[in-house]
Ligand SMILES: Nc1ncnc2c1ncn2[C@@H]1O[C@H](COP(=O)(O)OP(=O)(O)O)[C@@H](O)[C@H]1O
Ligand SMILES: Nc1ncnc2c1ncn2[C@@H]1O[C@H](COP(=O)(O)OP(=O)(O)O)[C@@H](O)[C@H]1O
Ligand SMILES: [Mg+2]
Ligand SMILES: [Mg+2]
Ligand SMILES: [Mg+2]
Ligand SMILES: [Mg+2]
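Chains as they are written, first to last, in our numbering: chain A, 1 to 225; chain B, 226 to 450; chain C, 451 to 780; chain D, 781 to 1110.
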């Protein structure tokens, strides 16, 4: 505990492992809600898919903890690809693998590196799935989040504040999918009937970014390394 | 219209044809109710079965009207056998065929002949189905009805009154199936759970005897020949 | 209950028209309601005729063909067919070697087939009968209607059909059919009640969270209601009910049968549990058939039928069969 | 919704255990979720691999065997399998002649099979792909996910499977598969919504007295809701939706497919009505298949798939096939 200004969290492999553990817990808690969102415009499995993937990834990473931030993300991505299936498995898997790769083998990550890595991951999602913002997919949360993160860092904000901005942007992005007509994924089959429902993938993306912001806050406050 | 004591109806082929037409109408009207009774302790088809059979029999008999009472009943029985199926088809078919055969080729039927014919028919049902009164089947309406008819005729009653007594006995018999545990037919599969429901076949038997009593009353009153 | 039908009155005729277009290898007489092997009567071969109420498809019409039935008579939904159909079927398949009627033990079926047998014999056709009564959920006694015929019917029709195809005489086909019936026992559970077209709503109430043990295939409720169980627990109750009565000394054929609305995915899972229980009870399973074979319209649930077999019955089970509903080796 | 399961988490593994006991002619790897022909790899033969979410049984696992698929990869319920399964399947069936991935056009299936193809090629396996997208209920455009793969999958797997069994090289098997897909169109209707084990209740509300037109096979609602219609009316809407897009010049194969909970009795009646409409539209039907083949768990409803065929495709359709779900001539 200290009254000095926050030194900014140490973003190392342990940071991302804490993120993964917390993400798995949040996904587990919210899984039914995600599946519920996937019912009217999808096939009622997004929560189950995410829970299966994150539980497996957490288990594997805890068993054999990777040593670098890049490896934590890349291996988490690989586990998601191997266990989730569906659309979200390859997409989230690619997000994390590309982000991990972008981090290279540095032991600690700067805010700018994190931003670039997330951007690389989100680009990977866009490339793989062929979707763009406004198509009512996870990109509607991810793209504004990365933009908000960038913007805040450019304005001189610290990582904690920048991630808090990203969290809000992701949440707003997820909410903003409600009036959209889906053009990609299963919801697109519904045409106009997809309007009026929040996209499950955008919702899980907002959850995952929220956990990232929490992890940064808690890492700085508690100094847990 | 007359104030003299009723001369008793003329029980000829036309009498039985009128009975058949009226029976088909009553069965049609009550079919859903009979099927409803067949739901909790059977297979929900007794009304449909009876409607199919009586509609077909009426159509055939109207097209080529048999000339003797015995032939009307025997041919009605044959049509039921050919169109109803299930348990009730052969049983009601046998009831009417045996009754028709017992009438021989007389052009008019005395009350005693009618009683003997009904008795022969009911015996045929008992023999074919192997059931006895108390087993929760149509016999629980048919047997008391024939007994009541006999008893009334023995006491000197006319046919109209004797059939009215038979009607009441049949209705009471049908009602009295409610507390019984079924030992024959589909309801027997339920064991104790068959208790508390009225037997559909006993109910349709009571309807058919009721129509017979009505036909006698109306034949005497209207003198329609 | 929504149904994919025109009007309740024509469901059986409509289905027969559909069978006619889908199965040119069958002669489907829609008017007289008889489904016959196109090559009947097969010279020198005993003719196998079965039938019963509709709503149990593919039983019986889907089992007409080489190595199984020669003809089937579909009645109205859940209603025994009438003697005229059976007599017509017998005449169509009799090659002079006689006809075996395979009759499920329900009052209606028994009475109608009995009448038909008399009429057919009047026409000079030699008729033998076998009664199928494999359902252990029903107490058997002289004073009741006796056990129902359910899943065991498939074993009887397949194995007797194979014997007839090989040229066995009527008496022998009948005795094999009897042996199969005596070696077969079934028990079924329902997770939902059935809705018939005529009634249009479930024939009994089955509340959420409960299941019905010992159901028949006509929407009759079972003998007992219990709180919902897992597939493993249901397999235990079901298999044990069968084994208590069968006590097999030899390997069995196992039919894990869906009642109609239970997905194949669930049925295979249930089959795995049934096998687990059988293994625990030291019963060897020679063959396992999983699918919707003896159904009850849109009922959800399943039944298990076991048939104890010797080498000869197993050989006849494995013999070629070519029908719409069951097919192998041909 | 009551289900015949243990716990939602194990339904796929439980079903695979059941397939293993019921089908000794298959190698069922329960742990890795791959179902393979016991005699794979067949020397010199192109290997056919398909897969997709579970809940559509008998598709795809029930179509593994002589003359159809060499391997199938079942995903979680309504969820594409993962690349590891597909790579493992490809390795198990590759005889050196290469492997064809048959992929239904859903984002998840496409992405996972694409990743698998890359990984398999890294392991030295030659992989070709065919995308099945036969569902006319979905508007096809470059800017959407495109049409779904539904009933046409059965035609692609059967006909390409026959070509591979005859020894056709990879390129030819792929081009036949593409031809079959391009010649196939489907349209489906639901009378009830589906319940998945994970969710345990219907995925959408379908009030009494209404039906859903243009449904998929994953519990996705359709594009339009209408007051309930007769089987004849539904057949008209369904067949016309297909014909509007297919405009066949030659005879068609017709698949009248049940979604899972619709009784076979109703399905045959629906088939009769579909045939009536096709006859009125002057479309000749070469073969008709009626049954539950590409299902959606406990959904009530049906779909019609038509596949325009020339003599060669018809010959391949008629060729022997020996799988759990489709079998003739072998
Ligand atoms: N092409 C795509 N690009 C980006 N995201 C997509 C795409 N297709 C689907 N998604 C996302 O995936 C989510 C659905 O994931 P999930 O339900 O797990 O997979 P599935 O649709 O295969 O059942 C959607 O809510 C959407 O956010
Ligand atoms: N063995 C029997 N003897 C006399 N009546 C019987 C016998 N079995 C059944 N029934 C009568 O038949 C009625 C059922 O008829 P129905 O529903 O038309 O035939 P099914 O039982 O074949 O569906 C029962 O209510 C009962 O009255
Ligand atoms: Mg989904
Ligand atoms: Mg009945
Ligand atoms: Mg009946
Ligand atoms: Mg899915």
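Where is the CB? At the ideal position from N, CA and C, for every residue including glycine.
Contacts around residue i, its chain only, beta-carbon distance under 6 angstroms, and the 5 residues preceding and following it disregarded
i	result
residue 1011 of chain D	1049, 1050 and 1053
residue 633 of chain C	757 and 758
residue 159 of chain A	8, 111 and 216
residue 155 of chain A	none
residue 531 of chain C	501, 523 and 525
residue 209 of chain A	145, 166, 167 and 170
residue 583 of chain C	555, 596, 597 and 599
Top-ranked residue by Cα proximity to residue i, from the options
i	options	result
residue 117 of chain A	A:103, A:130 and A:126	A:103
residue 404 of chain B	B:420, B:396, B:301 and B:266	B:420
residue 835 of chain D	C:629, C:496 and C:716	C:716
residue 794 of chain D	D:967, D:947, D:805 and D:810	D:810
residue 763 of chain C	C:700, C:684 and C:485	C:700
residue 491 of chain C	C:527, C:617 and C:552	C:617
residue 1018 of chain D	D:1032, D:1104, D:808 and D:1036	D:1036
residue 613 of chain C	C:771, C:539 and C:571	C:771
residue 969 of chain D	D:1016, D:952, D:933 and D:927	D:1016
residue 675 of chain C	C:683, C:745, C:660 and C:669	C:660
residue 958 of chain D	D:926, D:975, D:937 and D:972	D:937
residue 983 of chain D	D:825, D:1077, D:1068 and D:874	D:1077
residue 71 of chain A	A:39, A:106 and A:188	A:106
residue 1027 of chain D	D:1013, D:1058 and D:1003	D:1058
residue 452 of chain C	C:472, C:773, C:489 and C:644	C:644
residue 548 of chain C	C:773, C:738 and C:579	C:579
residue 453 of chain B	B:334, B:264 and B:399	Absent from the model: residue 453 of chain B. The displayed extent of chain B is 226 to 450, so no value can be given.
residue 206 of chain A	A:127, A:153 and A:177	A:177
Residues near residue i by beta carbon distance below 7 angstroms, same chain, minus five either side
i	result
residue 226 of chain B	Bear in mind that the predicted position of residue 226 of chain B carries a pLDDT of just 42, short of 50, making it unreliable; the figure below should be weighed with that in mind. The answer is none, since no qualifying residue turns up.
residue 212 of chain A	19 and 163
residue 99 of chain A	73, 117, 118, 120 and 121
residue 744 of chain C	506, 509, 600, 601, 603, 604, 667 and 707
residue 241 of chain B	294, 297 and 298
residue 977 of chain D	783, 785, 788, 791 and 857
Near ligand 1: residue i beta-carbon under 7 angstroms from a heavy atom
i	result
residue 88 of chain A	yes
residue 103 of chain A	no
Ligand 3 heavy atom lying under 7 angstroms from the CB of residue i
i	result
residue 46 of chain A	yes
residue 186 of chain A	yes
8 angstroms Cβ shell around residue i - same chain, five flanking residues per side excluded
i	result
residue 760 of chain C	700
residue 320 of chain B	302, 346, 347, 349, 350 and 367
residue 980 of chain D	781, 783 and 788
Residue i CB to nearest heavy atom of ligand 4 below 7 angstroms
i	result
residue 267 of chain B	yes
residue 760 of chain C	no
Proximity test, residue i beta-carbon vs ligand 2 heavy atom, cut-off 7 angstroms
i	result
residue 402 of chain C	As displayed, chain C neither begins before 451 nor continues past 780, which places residue 402 of chain C out of reach and without an answer.
residue 566 of chain C	no
Residue i Cβ short of 7 angstroms to ligand 5 heavy atom set
i	result
residue 984 of chain D	no
Item to check | Interface positions of the stretch 730-752 of chain C facing chain D (Cβ-Cβ less than 8 angstroms), listed along the chain | outcome: 735, 738, 739, 740, 742, 745, 747, 748, 750, 751 and 752
Next on the checklist: Would you call the stretch 994-1002 of chain D in contact with the stretch 906-921 of chain D, where contact means no fewer than 3 C-beta pairs closer than 8 angstroms?
Outcome noted: yes
Checklist entry - Given 8 angstroms as the limit, is there contact between the stretch 547-562 of chain C and the stretch 307-315 of chain B, that is, 3 or more CB pairs closer than that? => result yes
Checklist entry - Can you list, in chain order, the residues of the stretch 128-154 of chain A whose Cβ is nearer than 8 angstroms to any Cβ on chain D? => result 128 and 129
Next on the checklist: Closer than 7 angstroms between beta carbons: that is the criterion. Which residues of the stretch 451-484 of chain C meet it against chain B?
Outcome noted: none
Next on the checklist: Whether or not the stretch 245-260 of chain B and the stretch 412-430 of chain B are in contact is what I'm after, with contact meaning three or more pairs of Cβ atoms, one per stretch, closer than 8 angstroms; do they touch?
Outcome noted: yes
Item to check | Contact list for the stretch 696-715 of chain C against chain D, Cβ threshold 7 angstroms | outcome: 710, 711, 712, 713, 714 and 715
Item to check | Under 8 angstroms (Cβ pairs) to chain D, residues found in the stretch 622-655 of chain C | outcome: 641 and 642
Checklist entry - At a Cβ cut of 7 angstroms, what residues of the stretch 557-571 of chain C count as close to chain B, listed as they run along the chain? => result 557, 558, 561, 562 and 565
Next on the checklist: Please identify, using Cβ separations under 9 angstroms, the residues of the stretch 257-291 of chain B that lie next to chain C, in order along the chain.
Outcome noted: 257, 260, 261, 263, 264, 265, 266, 267, 268, 269, 270, 272, 273, 274 and 277
Next on the checklist: What are the residues in the stretch 76-92 of chain A lying within 8 angstroms of chain D by C-beta distance?
Outcome noted: 81, 82, 83, 84, 85, 86, 87, 88, 89, 90 and 91
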